[in-house]
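Written below as structure tokens is the structure these notes are about.
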Amino acid sequence: MYDISALYEAKTVQEAVDLLTAHPDAIIIAGGSDVLIKIREGRLAGCKLVSIYGIDEMRGVKMEDDGTIRIGSLTSFSHIHADPVIKEHVPVLGEAVNMVGGPQIRAIGTIGGNTCNGVTSADSASTLFAYDAVLEITGPDGKRLVPISEFYTGPGRVALKTGELQTAVLIRKESYEGYHGCYIKYGMRNAMEIATTGCSVNVKLSDDKKTISDIRIGYGVAAPTPIRARSAEAKIKGLPVSPDTRALLGEAVLEDVTPRDSWRASKDFRLHLCSTMAMRAFTGAVRRAGGEIDD
3 MYDISALYEA KTVQEAVDLL TAHPDAIIIA GGSDVLIKIR EGRLAGCKLV SIYGIDEMRG
63 VKMEDDGTIR IGSLTSFSHI HADPVIKEHV PVLGEAVNMV GGPQIRAIGT IGGNTCNGVT
123 SADSASTLFA YDAVLEITGP DGKRLVPISE FYTGPGRVAL KTGELQTAVL IRKESYEGYH
183 GCYIKYGMRN AMEIATTGCS VNVKLSDDKK TISDIRIGYG VAAPTPIRAR SAEAKIKGLP
243 VSPDTRALLG EAVLEDVTPR DSWRASKDFR LHLCSTMAMR AFTGAVRRAG GEIDD
């Protein structure tokens, strides 16, 4: 059933780097919720695997001294959802990963796997874009930091070089402090569904809760890779909290997104979703931030 030519197990990050360098054609496997399916379907038949599942140093969530939230890339969705640091400071990320698959997938699937598979439908991706996350990459030359906006290089492709693996997801204090957000996922079913479109909006309001001091808008399945709606953000920043601003946002995001036709949904329907979901997520984020806005 599983056609695997070799399996190497790493117990430390350095072991993983050494194995990936020695076997550049090998594929990293962690929880296996994506890789094993591809092997069983024959798309990766005869592959070599480097298992990083036993690297405990890549698990867990912690607050660093400078306020950066560090999420080990092997941390499961269920652990992220339940973690007190996540709940207090970046709750939208916990809500987003709790929409992945079912309980079994969330128990074994990891945030590193969700980002490194490169797909635009990853539930964590749009919210990580809205939090301006940075990815820690470790390889033969040591560690390097890559903004998540630069990590996705094309459909199913990410900026990992030979011998490298993603070791952590970092959300800096300035990227979450004072921000409140909302993630909305649309699928044909309410559970166990790949997103047709996903939208995550984070806002920072003025002290009187009347003005949009800053806004970040992340999308999944609105382009070949997850994206930020940067031109829409620029148009909305500094405007008053109002239904008119929300309506402008719904129009402005259409300049940023480039969805495609597929068997899941037509391009036109996805454009409608991108606009509607942005407005709904904006409303939810503003209300969580303490602002008032009519439906």
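Okay, so the sequence shown: first residue is 3 according to my numbering, each after it adds one. All C-beta atoms in this analysis are idealised placements derived from N, C-alpha and C, irrespective of residue type, glycine included.
Problem - Span separating the alpha-carbon of residue 2 from that of residue 112 - result: Any question about residue 2 goes unanswered here, given that the chain covers just 3 to 297.
Practice task
Report yes or no: do three or more beta-carbon pairs, one from the segment 71-87 and one from the segment 145-156, lie closer than 8 Å?
Solution key: Contact fails between the segment 71-87 and the segment 145-156, because fewer than three Cβ pairs, one in each stretch, are under 8 Å apart.
Exercise for the section: Report yes or no: do three or more beta-carbon pairs, one from the segment 167-179 and one from the segment 121-140, lie closer than 8 Å? Expected result: Here the segment 167-179 lies against the segment 121-140, with 3 or more beta-carbon pairs under 8 Å apart.
Problem - Beta carbon of residue 280 nearer than 8 Å to that of residue 255 - result: A contact, by the Cβ cut-off of 8 Å.
Handout entry: Residues that DSSP places opposite residue 8 in a beta bridge
Key = For residue 8, the beta-bridge partners assigned by DSSP are 50.
Practice task
Starting from residue 149, follow its DSSP beta bridges and name the residues at the other end.
Solution key: Beta-bridge annotation (DSSP): residue 149 is paired with 136.
Exercise for the section: Have a look at 216, 223, 221 and 228 and flag the residue whose alpha-carbon is nearest the alpha-carbon of residue 236. Expected result: Restricting attention to 216, 223, 221 and 228, the CA atom closest to the CA of residue 236 is found in 216.
Practice task
Assuming residue 270 contacts residue 229 (C-beta within less than 8 Å), just tell me the rounded distance between them.
Solution key: Going by Cβ atoms, the distance from residue 270 to residue 229 rounds to 19 Å, so no, they are not a contact pair.
Practice task
Answer with buried or exposed for residue 45, where buried requires no fewer than 16 other C-beta atoms within 10 angstroms of its C-beta.
Solution key: Result: exposed.
Handout entry: Local conformation of residue 245 per DSSP, three classes
Key = Three-state result, residue 245: helix.
Practice task
Verify whether the separation of the beta carbon atoms of residue 117 and residue 227 is less than 8 Å.
Solution key: No.
Practice task
Hey, could you find the ends of the alpha helix (DSSP H) residue 178 is sitting in?
Solution key: Where residue 178 is concerned, the enclosing alpha helix (DSSP H) stretches over 175-178.
Handout entry: Residue range of the beta strand (DSSP E) that includes residue 297
Key = Here residue 297 belongs to no beta strand (DSSP E), and DSSP marks it neither H nor E.
Practice task
Identify, in the order they occur along the chain, each residue of the same chain with its Cβ nearer than 6 Å to the Cβ of residue 31, setting aside the five sequence neighbours on each side.
Solution key: Excluding its 5 nearest sequence neighbours in each direction, residue 31 has C-beta neighbours in its own chain below 6 Å: 37, 51 and 53, listed in chain order.
Exercise for the section: Mind checking who residue 277 pairs with in its DSSP beta bridge? Expected result: The bridge partners DSSP lists for residue 277 come to none.
Problem - residue 34 versus residue 63: straight-line alpha-carbon distance, rounded - result: Residue 34 and residue 63: Cα-Cα distance of roughly 21 Å.
Practice task
Could you check the C-alpha separation between residue 284 and residue 99 for me, to the nearest Å?
Solution key: Cα to Cα, residue 284 sits roughly 19 Å from residue 99.
Problem - Contact belief for residue 4 with residue 25 at Cβ below 8 Å, rounded distance in angstroms - result: Actually they are not in contact, since the Cβ atoms of residue 4 and residue 25 sit about 18 Å apart, beyond 8 Å.
Exercise for the section: Could you check what DSSP says for residue 216 in three-state terms: helix, strand or coil? Expected result: Looking at residue 216 - three-state DSSP - the assignment turns out to be strand.
Exercise for the section: Check whether the Cβ atoms of residue 85 and residue 102 sit closer than 8 Å, and answer yes or no. Expected result: Taking 8 Å as the cut-off, the Cβ atoms of residue 85 and residue 102 do not count as close.
Practice task
Would you mind reading off the limits of the alpha helix (DSSP H) that contains residue 116?
Solution key: For residue 116, the enclosing alpha helix (DSSP H) starts and ends at 113-118.
Exercise for the section: State the CB to CB distance for the pair residue 158 and residue 183, rounded to an integer number of angstroms; the pair is presumed to be in contact (CB under 8 Å). Expected result: Incorrect: roughly 27 Å between the Cβ atoms, too far for contact.
Exercise for the section: Measure the Cβ-Cβ separation of residue 212 and residue 245 and say whether it is below 8 Å. Expected result: The Cβ atoms of residue 212 and residue 245 do not sit closer than 8 Å to each other.
Exercise for the section: Determine the contact status of residue 164 and residue 14, defining contact as a CB-CB distance below 8 Å. Expected result: Result no, Cβ atoms of residue 164 and residue 14 do not sit closer than 8 Å.
Exercise for the section: Report yes if the C-beta distance between residue 287 and residue 203 is below 8 Å; otherwise report no. Expected result: The Cβ-Cβ distance between residue 287 and residue 203 falls below 8 Å.
Handout entry: Beta-carbon separation (whole angstroms), residue 197 vs residue 187, contact threshold 8 Å
Key = Taking the Cβ atoms as the reference, residue 197 lies roughly 5 Å from residue 187, within the contact range of under 8 Å.
Practice task
Please check the pair residue 221 and residue 252, which I expect to be a contact at CB under 8 Å, by giving their CB distance rounded to whole angstroms.
Solution key: The C-beta separation of residue 221 from residue 252 comes to about 13 Å, leaving the pair out of contact by the 8 Å criterion.
Problem - Residue burial classification, residue 249 (beta-carbon count within 10 angstroms, cutoff 16) - result: Looking at its Cβ environment, which holds fewer than 16 other Cβ atoms inside 10 Å, residue 249 is exposed.
Problem - Best match in 65, 127 and 150 for proximity to residue 95 [C-alpha to C-alpha] - result: Just measuring C-alpha positions, the residue of 65, 127 and 150 sitting nearest residue 95 is 127.
Exercise for the section: With DSSP as the reference, label residue 182 as helix, strand or coil. Expected result: Here residue 182 sits in strand by DSSP.
Practice task
Can you give me the Cβ contacts of residue 43 inside the same chain, cut-off strictly under 8 Å, excluding the 5 residues immediately before and after it?
Solution key: There are no such residues.
Practice task
State the DSSP-derived secondary structure class of residue 65, mapped to helix, strand or coil.
Solution key: Strand at residue 65.
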